[in-house]
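Numbering (the numbering used here), first residue to last: 35 to 365. Just below is one structure, and these are the notes that go with it.
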Ligand SMILES: Nc1ncnc2c1ncn2[C@@H]1O[C@H](COP(=O)(O)OP(=O)(O)OP(=O)(O)O)[C@@H](O)[C@H]1O
Ligand SMILES: [Mg+2]
Ligand SMILES: [Zn+2]
């Protein structure tokens with residue numbers, strides 16, 4: 035692993051632990067003022083904890099039983115005090131991530147929060163917070179989409195975007211119990227990236243790991259995993275691309291497509307599909323162009339196994355710039 039990134043992340047955990055510890059100490063102090071017996075119990079529990087470890091080491095079953103029952107009694111007394119004070123039982127468990135207790139590791143494996151930190155470091159997603167301020171479901175405005183049909187569609191641009199909106203919300207709300215992949219397609223400036231960001235924000239908010247990459251970025255990374263044997267970040271990239279909870283590939287079709295990149299793309303799509311880990315793809319290509327540009331192994335998987343969501347209408351970037359939206363489409 036890249037040593038600098040690793041050290042940075044460990045330092046962040048250190049800071050988080052310090053911060054949480056100081057909150058914990060303040061709470062302890064408050065508890066002590068409210069009920070002095072509480073601190074006494076804490077100390078007794080700590081010393082029993084040490085005695086229990088010793089008894090385990092010495093295979094001293096009798097003492098162990100005795101100590102464990104003392105432990106139970108103290109825990110109950112402690113919980114009763116908290117209950118009386120109307121405080122939650124975990125009042126003193128102050129952690130930002132309860133899974134790894136802010137250590138970054140669960141049983142020697144990287145915790146989800148660690149992987150998310152890695153993602154943020156590699157892709158400098160710090161800017162994401164700014165993006166999320168303007169690109170989120172609350173900012174969705176259907177008035178940019180004319181009540182008019184495009185191409186040979188039997189649905190208006192307005193109807194199609196409402197469908198995108200509904201399906202995207204559905205995707206977010208059922209993320210944990212339903213495996214689904216989405217494919218956003220349509221011309222430039224119609225909100226494909228906007229919807230990718232709306233969804234990313236919500237899924238990140240659920241404490242999941244989300245990796246957002248553009249197709250050219252993805253292929254650059256895949257290339258370095260495959261060919262650059264010296265790249266020390268390989269394992270992390272691999273882990274992020276294949277194991278993050280949600281992978282978003284924006285702008286598919288803008289990369290320089292070669293045979294090796296195609297097989298990499300196939301590998302990502304297929305491996306994640308087998309592991310039931312979702313991908314959202316956005317592209318400017320029509321389904322016909324998609325079939326032309328990619329091997330049938332790829333295009334048939336995309337067309338067959340992804341929910342296809344079409345965007346039509348008039349470039350929102352231009353509408354915003356020239357204030358067209360308000361004049362022409364807003365009713
Ligand atoms: N439904 C919407 N409501 C309000 N603003 C939107 C909506 N959809 C998109 N926008 C805004 O319109 C602009 C263009 O949208 P976006 O970048 O998502 O288009 P795109 O389809 O990804 O285009 P491209 O194919 O060029 O990447 C952005 O500034 C975005 O914030
Ligand atoms: Mg885009
Ligand atoms: Zn964690």
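Even glycine gets a Cβ: it sits at the ideal position worked out from N, Cα and C.
Spanning the alpha carbons of residue 75 and residue 134 requires a straight line of approximately 25 Å. Ranked by how close their Cα comes to the Cα of residue 232, the residues 212, 357, 203 have 203 in first place. Short note on residue 148: C-beta closer than 7 Å to some heavy atom of ligand 3. Here residue 189 carries a coil assignment [DSSP, helix/strand/coil]. Within the chosen limit of 7 Å, ligand 2 does not reach the beta carbon of residue 317 with any heavy atom. Comparing alpha carbon positions, the residue from 70, 290, 68, 106 closest to residue 86 is 106. Distances taken from the Cβ of residue 346 to the heavy atoms of ligand 2 include none shorter than 7 Å.
Around the CB of residue 306, 16 or more other CB atoms lie within 10 Å, so the residue is classed as buried. By DSSP's assignment, residue 315 forms a beta bridge with 217, 283. The Cβ atoms of residue 150 and residue 292 lie no closer than 8 Å to each other. The beta carbon of residue 226 lies closer than 7 Å to those of 218, 220, 316, 345 in the same chain, with the five residues before and after it left out.
Scanning its chain for C-beta atoms nearer than 6 Å, with the 5 sequence neighbours on each side dropped, one finds around residue 138 the residues 47, 145, 148, in chain order. For the pair residue 39 and residue 155, the CB atoms are nearer than the 8 Å cut-off. The residues 255, 259, in chain order, have a CB closer than 6 Å to that of residue 271 in the same chain once the five nearest residues on each side in sequence are set aside. Residue environment: residue 161 is assigned as exposed (fewer than 16 neighbouring CB atoms within 10 Å of its CB, all protein chains considered). Ranking 191, 176, 174, 175 by CA distance to the CA of residue 182 puts 191 first.
Looking from the CA of residue 67, the closest CA among 115, 295, 275 belongs to 115.
The alpha-carbon separation between residue 186 and residue 321 amounts to approximately 14 Å.
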